[in-house]
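A quick write-up on the structure given underneath.
Chains as they are written, first to last, in the working numbering: chain A, 3 to 294; chain B, 871 to 1185.
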């Protein structure tokens, strides 16, 4: 990212003007609607869910959508809508915590590498390269069961494998910002390097990085669902979109409804967050488009 | 350039050694005793002790790591606890299936994504461009596992056009290809959108370059300018993206292989994890890591060859 891009990118949500532009973009409007609905449905899942998501009712198993069960029932007769609503809490929770933690740790390491001594930079970059050598899902499949399947393990794996990505971006931004005149001036005035990075460089580069992070939320949602599908993530009877998908897949020949209903929340969420992320980037920082 | 290639390969080897060592430490540092995990609950303390000694688990960790790296370098990945054969033999059966899948996915991604992106750039802001743009974003968003399951639901379970299970390894080449279609689409389709956007963006940049304007001024035909001159430069970024993307494709391949019960590395690993067949699990991660390190190293080198500025940018 060029220094110019870093310096000209204003704070992300600057005004209602940006919001209007975001909503004028059809993709932004659709994305924002999906995302707001998903967040509300996850937050109020306990009130919105018509049934207990773990309540088994075998006689009513594998039912197609009806007035009683809007998204039908699974192989144990559990209400798919209720399970999807509670699964949203897990999906959004994992995505949010993973993004924040990966961004936070990545930013600290990236700052240390970018503005620290040469040996520290080399060491951190080597660690980043090593972590990036692992294919994420395959590493998760191998390491997940060792540490015990569960939300903490999923978050740990997602954070560990995403830190190098953010770390590298922050490092590159810091290195290019460090060459600028205002940093030289601050150094000449005797300000400490830590203070320069935290107080002066970071606010300049954080905007584009936040947008890139928002674009990663659907990746984390898909990863949580995928790992739960593989049995490394959330354990039944807790509800997760990945487990819904797994149930649908296992009973694909008995009922196509289950797989369609089970995959719908995941598709809507990933589409919604991707559309919103794209629109946010185009609205607030079109220069990032070159990164794709 | 030669120095860069040597340096890049050297870095690849260092990264691989560190990655293997870290993986070994992770497995060792995990809660629980590996001997109990591998031998099962019925193993007596004496058997466990003998097992630890045989694997060298009673030695200090650095010694274990060096010994493990040495045996990996010699191609010795241990014994498959299920088949009692060397892990390498098991991998050799499954690896080609995954490599076929990756190659087919890359072929689909590049074969569709590059022409779509190129046409979108040439007909910029047209209806075609907008449709390709919207489809690209949508298709990038949907996880591979969902595409694999829907492929199976529609084309295997529903229409019965394509096989749902296996890699067709017992049949001829046609059977192999027939079994490859759905998994390859599941792994590659997202990348069609990604590459289309990437090529579109870089094509627009190239088409506005001075030498293209000069070519027009010389009266060269538009088709020749677009496909002979501009596209050649504009596809360069796809090499890097695909090189790094192999890691994500390997993840998608795991899902495609499990959904379609295709005997590749991902399926092998999934089964090995369930059976607690640790040597095979580790071997499969190593094979996948090796594929990724080789592909990123190669893509960096190819890129440096195509575009010398890239080398400086990376440094």
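Just so it is clear, CB atoms sit at the ideal spot from N, CA and C, and this is done for glycine as well.
Asked                                                                                                                                                                                                 : Found
How about residue 1008 of chain B: is its C-beta nearer than 8 Å to some C-beta of chain A?                                                                                                           : yes
Can you round the beta-carbon distance between residue 1037 of chain B and residue 1049 of chain B to whole angstroms, since I take them to be within the 8 Å contact cut?                            : 5 Å
Decide yes or no for the touch test of the segment 1106 to 1119 of chain B against the segment 1168 to 1177 of chain B: beta carbon pairs closer than 8 Å, at least 3 of them.                        : yes
DSSP on residue 1197 of chain B, reduced to helix/strand/coil?                                                                                                                                        : Any answer about residue 1197 of chain B is impossible in this case: the structure gives chain B only from 871 up to 1185.
Have a look at A/26, A/41, A/31 and A/23 and flag the residue whose alpha-carbon is nearest the alpha-carbon of residue 219 of chain A.                                                               : A/41
Work out the CA separation of residue 1039 of chain B and residue 1047 of chain B for me, nearest whole Å.                                                                                            : 10 Å
Would you be able to state if there are at least three C-beta pairs under 8 Å between the segment 89 to 100 of chain A and the segment 236 to 246 of chain A?                                         : yes
Using only the alpha-carbon positions, how far apart do residue 951 of chain B and residue 109 of chain A sit?                                                                                        : 43 Å
By Cβ distance, which residues of its chain are closer than 7 Å to residue 249 of chain A, with the 5 residues on each side in sequence left out?                                                     : 76, 77, 260 and 264
Kindly indicate which residue of A/280, A/285, A/273 and A/255 has the alpha-carbon position closest to the one of residue 36 of chain A.                                                             : A/273
When the cut-off is 8 Å and only beta carbons count, does residue 215 of chain A lie next to chain B?                                                                                                 : no
Taking the C-alpha atoms as reference points, what is the distance between residue 890 of chain B and residue 68 of chain A?                                                                          : 52 Å
Report the rounded CA-to-CA distance for residue 1075 of chain B versus residue 279 of chain A, giving the unit in angstroms.                                                                         : 23 Å
For residue 134 of chain A, report the span of its alpha helix (DSSP H) as first-last.                                                                                                                : 120 to 134
Using a Cβ-Cβ cutoff of less than 8 Å, which residues in the same chain neighbour residue 152 of chain A once the five nearest sequence positions on both sides are dropped?                          : 235, 236 and 237
Quick one: grab the DSSP three-state call for residue 253 of chain A.                                                                                                                                 : coil
Does the Cβ-Cβ distance between residue 1072 of chain B and residue 1113 of chain B come in under 8 Å?                                                                                                : no
Under 8 Å between C-beta atoms, does residue 224 of chain A make it to chain B?                                                                                                                       : yes
Does residue 86 of chain A pass the burial test, meaning 16 or more other C-beta atoms within 10 Å, or should it be called exposed?                                                                   : buried
For residue 295 of chain A, which three-state DSSP category applies?                                                                                                                                  : Nothing can be reported for residue 295 of chain A: it is not among the residues displayed for chain A, which extend from 3 to 294.
Please decide whether residue 1133 of chain B counts as near chain A, where near means a Cβ-Cβ distance under 8 Å.                                                                                    : no
Answer yes or no: does any C-beta atom of chain A fall closer than 8 Å to that of residue 1167 of chain B?                                                                                            : no
Helix, strand or coil for residue 1173 of chain B per DSSP?                                                                                                                                           : helix
Use the C-beta contact count for residue 816 of chain B: other C-beta atoms within 10 angstroms, 16 or more gives buried, fewer gives exposed.                                                        : The shown model of chain B, from 871 to 1185, leaves out residue 816 of chain B, and the question about it has no answer.
Any C-beta of chain B within less than 9 Å: which residues of the segment 244 to 262 of chain A qualify?                                                                                              : 244, 247, 250, 251, 254, 255, 258, 261 and 262
Contact criterion: CB-CB distance below 8 Å. Does residue 1185 of chain B meet it with respect to chain A?                                                                                            : At residue 1185 of chain B, the pLDDT of 43 sits below 50, so the modelled position is not reliable and the matter cannot be decided from this model.
Say whether the segment 1049 to 1065 of chain B touches the segment 1147 to 1161 of chain B, bearing in mind that this needs 3 or more beta-carbon pairs closer than 8 Å, one atom from each stretch. : no
Determine the direct distance from the alpha carbon of residue 194 of chain A to that of residue 176 of chain A, and round the result to whole angstroms.                                             : 15 Å
Once the 5 residues before and after residue 1027 of chain B are set aside, which same chain residues still bring their CB inside 8 Å of it?                                                          : 1034
Identify the contact partners of residue 273 of chain A in chain B, using a Cβ-Cβ distance below 9 Å as the criterion.                                                                                : 1007, 1008, 1011 and 1012
Could you check if residue 1091 of chain B belongs to the surroundings of the ligand PLP, using beta carbon to heavy atom distance under 7 Å?                                                         : Questions concerning the ligand PLP fall outside what the structure shown contains, since it holds no ligand whatsoever.
Buried or exposed: residue 71 of chain A, going by 16 or more other Cβ atoms within 10 Å of its Cβ?                                                                                                   : buried
Where residue 1145 of chain B and residue 251 of chain A are concerned, what is the direct C-alpha to C-alpha distance, given to the nearest angstrom?                                                : 21 Å
I want to verify the contact list: residues of chain B whose CB lies under 9 Å from the CB of residue 145 of chain A, in sequence order.                                                              : 893, 896, 897, 900 and 1155
Below 8 Å, how does it come out for the segment 111 to 129 of chain A and the segment 176 to 193 of chain A: are there three or more Cβ pairs, yes or no?                                             : yes
Quick one: which chain A residues come within Cβ less than 8 Å of residue 1019 of chain B?                                                                                                            : 247, 250, 251, 254, 261 and 265
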